[in-house]
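K.L.:
Just dropping this structure here.
Written out as structure tokens, the structure is:
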């Protein structure tokens, strides 16, 4: 009932509160508060709609996915230290496993989202939000096809005076493999590695200290940019698509961050190829 | 060469702008998925041929598990022992890599390395939100989790999953969950 504290490699400490929500991360005796939640944007039902080509929600704010309290269960392997994970169920269509392996120095978020309910006739675009108390000066970094990290600033373009027409989507950028925020004062960088291309930004509701990543979308209207049908993938049973994805969260000193996230991106991109063949127990000794 | 070319051609098609951005019509998306799946099947055939050359004494076809992303794998979840082959495609070695294999209740599992020595493993429940993914056809309700100490760069590591009906001294330890109730 008092929450838990898990220590990982290189001294990274992760704390969960009594509800099973991630609450604090400690790196080099520096403590940052952190929270993670799933929220959604409502798709517009009049005017120009969100669709395959554009992200244009009806309101410039998000809503929580869970209609009731999140349920969480802790699994800890006290004998070998192989498994330290929390299973979180936010709603019937959103669940997540947070893994902390004591032999690694990142926190893994393994989420399952879908089928997105649209019985209320409202399309939804689901984001996961990582909020911290880092001071990033309204600035964040996204990768350019896994190569250069590009500096992005809220409501700003480096080569022209930017007039805001789309307060939320005008600040969304492609995230091919990673997105990061830096607190220069604390000399800390939080990097989120993605397992696929996603849209990402700071949170419009908290421009400092937060990262939003769009993980799934289901929309009921065409955006009239050419595809001619709404972004409403049926999935295997016709009730909507389910996605399962992973984010890895790194918290490091700014100077150390690239040393960690560059090889990790390669490991995510080229995972070991696993195959199986039958065998009888006696063949172990023969082999 | 022909088998790999099928994947080359599929990747060429996927460089069309609508596949890159995801702005293709739904029936086109289905076709792209079908094209990629067929190409991956051909590539698995190439991997099988490679293993056959490297290990001529092994006559069994390798089984692959494309549904491991939804914790489903017929090769591991039917209660039968399996050799596990792990190919590291990276140019650097992997250390303490964690592997998760879907398995079903009612059996005891042991993981051994290539020398036949048992290495620690645990069983963790697959959460309900994964088990109930529509279209997931699987009897697996647990994940067998273990660490592979070292996978050499561009190397093959072989492990053994030994399945028995009776508990063994080093069978995988089952982890119980504790609910947060704050």
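Protein chains in written order, with the working numbering: chain A, 2 to 288; chain B, 23 to 204. Ideal placement from N, C-alpha and C gives every residue a C-beta, glycine not left out.
(1) Between which two residues does the beta strand (DSSP E) containing residue 59/B stretch?
(2) Is the beta carbon of residue 212/A closer than 8 Å to that of residue 110/A?
(3) Chain B partners of residue 75/A, CB-CB under 7 Å?
(4) Based on DSSP bridge pairs, tell me the residues matched to residue 14/A.
(5) Give the list of continuous beta strand (DSSP E) stretches no shorter than 3 residues that lie fully inside the stretch 222-254 of chain A.
(6) Sorted by chain position, which residues of the same chain lie with C-beta nearer than 7 Å to residue 170/B's C-beta, five sequence neighbours on each side aside?
(7) Using a Cβ cut-off of 7 Å, which residues of the stretch 21-40 of chain A contact any Cβ in chain B, in chain order?
(8) Within the chosen definition, does the stretch 172-180 of chain A reach the stretch 83-101 of chain A through at least 3 CB pairs nearer than 8 Å?
(9) Count the other CB atoms, across all protein chains shown, that sit within 10 Å of the CB of residue 105/A; report buried if there are 16 or more and exposed otherwise.
(10) Whole alpha helix (DSSP H) runs in the stretch 71-120 of chain B with 4 or more residues, listed along the chain?
(11) For residue 24/A, which of 46/A, 6/A and 281/A has the nearest alpha-carbon?
(12) How would you label residue 250/B, buried or exposed, when you count the other beta carbons within 10 angstroms and need 16 or more for buried?
(13) With distance defined between alpha-carbon atoms, name the residue in 69/A, 53/A and 49/A nearest to residue 60/A.
(14) Check each residue of the stretch 118-131 of chain A: if its Cβ is closer than 7 Å to any Cβ of chain B, include it; give the result in chain order.
(15) In this structure, how does DSSP classify residue 201/B when only helix, strand and coil are distinguished?
(16) Output needed for residue 245/A: all residues of its chain with C-beta closer than 6 Å, excluding positions within five of it in sequence on either side, in chain order.
(17) With a threshold of 8 Å between beta carbons, is residue 157/B in contact with chain A?
(18) Along the chain, where does the beta strand (DSSP E) containing residue 41/B start, and where does it finish?
(19) CA-CA distance, residue 238/A and residue 27/A?
(20) Looking at the structure shown, is residue 261/A part of a helix, part of a strand, or coil, going by DSSP?
(21) Using 8 Å as the threshold, is the C-beta distance between residue 146/B and residue 84/A below it?
(22) Taking CB distances under 8 Å as the criterion, tell me whether residue 229/A reaches chain B.
(23) Using CA coordinates, which residue listed in 74/A, 179/A and 42/A is at the minimum distance from residue 123/A?
(24) Put residue 153/B into one of helix, strand or coil per three-state DSSP.
(25) If I follow the unbroken beta strand (DSSP E) through residue 34/B, where does it start and stop?
(26) Check whether the stretch 251-258 of chain A touches the stretch 186-201 of chain A, counting contact only when three or more Cβ pairs, one atom from each stretch, lie closer than 8 Å.
(27) One question on the structure: do residue 175/B and residue 114/B come within less than 8 Å of each other, judged by their Cβ atoms?
(28) Could you say which of 112/B, 111/B and 105/B lies nearest to residue 137/B if we only look at CA atoms?
(29) I'd like to know whether the C-beta of residue 134/A is nearer than 8 Å to at least one C-beta of chain B.
(30) Go ahead and pull the three-state DSSP assignment for residue 256/A.
(31) Give the DSSP-derived three-state secondary structure of residue 201/A in the structure shown.
(32) Does the beta-carbon of residue 35/B have 16 or more other beta-carbons within 10 angstroms, so that it is buried, or is it exposed?
(33) Chain A partners of residue 120/B, CB-CB under 9 Å?
(34) Kindly indicate if chain B contains any beta-carbon less than 8 Å away from that of residue 65/A.
(35) Please go through the same chain and pick out, in chain order, the residues whose beta-carbon is closer than 7 Å to the beta-carbon of residue 151/A, but skip the five residues on each side of it.
(36) Does the pairing of the stretch 118-132 of chain A with the stretch 211-228 of chain A give three or more beta-carbon distances under 8 Å?
P.N.:
So, from the listed chains and residues:
(1) First-last for residue 59/B: 48-76, but that is the alpha helix (DSSP H), not the beta strand (DSSP E).
(2) no
(3) Contacts between residue 75/A and chain B, judged by CB atoms closer than 7 Å, involve 199, 200 and 202 in chain order.
(4) 8/A and 27/A
(5) Here the runs fully enclosed are 244-254.
(6) Around residue 170/B: 108, 119, 121, 179 and 181.
(7) 21
(8) no
(9) buried
(10) none
(11) 6/A
(12) For residue 250/B there is no data in the structure shown, the boundaries of chain B being 23 and 204.
(13) Looking at 69/A, 53/A and 49/A, the one whose alpha-carbon comes closest to that of residue 60/A is 49/A.
(14) none
(15) In the structure shown, residue 201/B sits in a strand (DSSP, three-state: E or B).
(16) 113
(17) yes
(18) Note, residue 41/B: premise wrong, no beta strand (DSSP E); alpha helix (DSSP H) at 39-43.
(19) 44 Å
(20) Judged by DSSP in its simplified three-state form, residue 261/A adopts helix.
(21) yes
(22) yes
(23) 42/A
(24) helix
(25) No beta strand (DSSP E) contains residue 34/B, which is instead part of the alpha helix (DSSP H) from 24-36.
(26) yes
(27) yes
(28) 105/B
(29) Taking Cβ atoms only, chain B never reaches closer than 8 Å to residue 134/A, which makes this a no.
(30) helix
(31) strand
(32) exposed
(33) Residues of chain A whose Cβ lies closer than 9 Å to the Cβ of residue 120/B are, in chain order, 83, 84, 100, 102, 104 and 105.
(34) no
(35) 142, 143 and 145
(36) A contact exists between the stretch 118-132 of chain A and the stretch 211-228 of chain A.
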